[in-house]
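> In my numbering, the protein residues as written are 170 to 565.
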Ligand SMILES: NC(=O)c1ccc[n+]([C@@H]2O[C@H](COP(=O)([O-])OP(=O)(O)OC[C@H]3O[C@@H](n4cnc5c(N)ncnc54)[C@H](O)[C@@H]3O)[C@@H](O)[C@H]2O)c1
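What follows is the structure in structure tokens.
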């Protein structure tokens, strides 16, 4: 019998469901060296917590995260709350000697992120993870391997974009549109993912943000209705004003240089009509290129520039072959495609491997790793604010 790892998850909404599903499914599909046990779910809304716990298989539920992170029965604390809560909850969990898996971005400010990185480095026994789940699409993991094997040669170009379209003027002023909860808008929400992906696939750090542009197209947004439970961070009450101000970016674009000399473009937006969740990355080099888009997530496009020109062309690799493609062996037989939720299940499997002292399928982001992504976010914010290039050496 493999040993078990008692998990407490803080947050029971979007990521609450994604992570709960992952803890449920990982032991069913992977032969895990350590099995996650769904010990306690934590949220703000007691009324919906009981049915949530019952539905997803959490043994306990509570609204008091401070007690949970100190509970000696808990091994891993999973933080799935709005960005501004990541630091306080993660730091308390680390202080109590727990392993911590925190959602992205690491924090809503660089200062909080640094405190988390420092605490993680200090607490040697605790492992830390950050849910940059797109690394665990088999196609992205394959791109990482191809680049690592040197298949693209010297890298020249990185093109990242994360385009969504849900952020129009009718979208209410939830926590994602408020700096005090989110830190930034599309930037920390979406660019964080593509910065992580670019760093992961290229294996190179960004050394300079050469220029950036942050735009808030929609300042006045409807306040969430008074019926919104507390956990939506409601800011309005019936009979009071109906609109509030968004103080975050709807879109942020920036240019960057990588340590190995490649140049990159990044674009994160919630106002890209026609795109719902297009997480896009293209890396091109001397000998070829790879291209990924989450809206076709089972495929990696690969171009081999050394093939004869007469027959060279983009090759669409469907990354579902067990034994050949990362994670594919845990799922179905060839050609049976997977989806969004599998990236989280794959991540739980890798976290359990690391906690058991084994290697993950591809590297997991730790707090220290995610701090490097946070530094790039900060550099781009400063570049936009000052309309100037910002070297990463300026961001400590
Ligand atoms: N990896 C991804 O692809 C991905 C996708 C979406 C969101 N996220 C990240 O996940 C985090 C949560 O986002 P979400 O979309 O799930 O938000 P959400 O608003 O859907 O859920 C937030 C949850 O946090 C809980 N919460 C808030 N304050 C709390 C407190 N003090 N104590 C206990 N519970 C508290 C709420 O009850 C709610 O259940 C964010 O950091 C976000 O950036 C990541």
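Glycine residues also receive a C-beta, built at the ideal position from the N, C-alpha and C atoms.
If we count the other Cβ atoms within 10 Å of its Cβ and call it buried at 16 or more, is residue 423 buried or exposed?
Classification of residue 423: buried, given that the 10 Å Cβ count is 16 or more.
> Is residue 181 near ligand 1, with its Cβ less than 7 angstroms from a heavy atom?
Yes, Cβ of residue 181 sits closer than 7 angstroms to a heavy atom of ligand 1.
> Going straight from the alpha carbon of residue 195 to that of residue 535, what length do you get?
Going by the C-alpha atoms only, they are around 20 angstroms apart.
> When the Cα of residue 350 is compared with those of 218, 197 and 281, which residue comes out closest?
It is 281.
> With a cut-off of 8 angstroms on the beta carbons, I'd call residue 357 and residue 561 a contact; round off their distance for me.
No, residue 357 and residue 561 are not in contact; Cβ-Cβ is about 17 angstroms, not under 8 angstroms.
> Could you give the distance in angstroms between the alpha-carbon of residue 495 and the alpha-carbon of residue 445?
So the alpha carbons of these two residues sit roughly 26 angstroms apart.
> What do you get for residue 559, buried or exposed, if any count of 16 or more other CB atoms within 10 angstroms of its CB means buried?
Answer is buried; the Cβ neighbour count reaches 16.
> Per DSSP, what kind of secondary structure is residue 301 in: helix, strand or coil?
It is coil, neither helix nor strand.
> Under the three-state reduction of DSSP, which class applies to residue 446: helix, strand or coil?
Coil, per DSSP.
> Hey, out of 374, 183 and 209, whose CA is closest to residue 233's CA?
Ranking the options by Cα distance to residue 233, first place goes to 209.
> Hey, residue 372 and residue 392: beta-carbon distance below 8 angstroms or not?
No; because the gap between Cβ atoms is not below 8 angstroms, this pair is not in contact.
> Could you tell me which residues DSSP puts in a beta bridge with residue 270?
Bridge partners of residue 270: 247 and 298.
> Between residue 550 and ligand 3, is there a pair consisting of the residue's CB and a ligand heavy atom that are separated by less than 7 angstroms?
By its list of ligands, the structure shown excludes ligand 3, since it contains just ligand 1.
> Apply the 10 Å Cβ neighbour rule to residue 518 and answer buried if 16 or more other Cβ atoms are within range, or exposed otherwise.
Burial call: buried.
> So what's residue 224 in DSSP terms, helix, strand or just coil?
Helix.
> Following the continuous alpha helix (DSSP H) through residue 260, name the residue where it begins and the one where it ends.
Per DSSP, residue 260 belongs to the alpha helix (DSSP H) from 255-264.
> Does the pairing of the segment 327-343 with the segment 498-507 give three or more beta-carbon distances under 8 angstroms?
No contact exists between the segment 327-343 and the segment 498-507.
> For residue 520, name the three-state secondary structure that DSSP assigns.
Note: residue 520 maps to helix in three-state DSSP.
> Under the criterion of a Cβ to heavy atom distance below 7 angstroms, does residue 516 qualify as lining ligand 1?
Checking every heavy atom of ligand 1 against the Cβ of residue 516, none is found closer than 7 angstroms.
> Roughly how many angstroms separate the alpha carbons of residue 365 and residue 419, rounded to a whole number?
Their Cα atoms are separated by approximately 20 angstroms.
> Excluding sequence positions up to five away, which residues of its chain have a Cβ less than 6 angstroms from the Cβ of residue 431?
The residues are 324, 325 and 327.
> For residue 277, which three-state DSSP category applies?
Coil.
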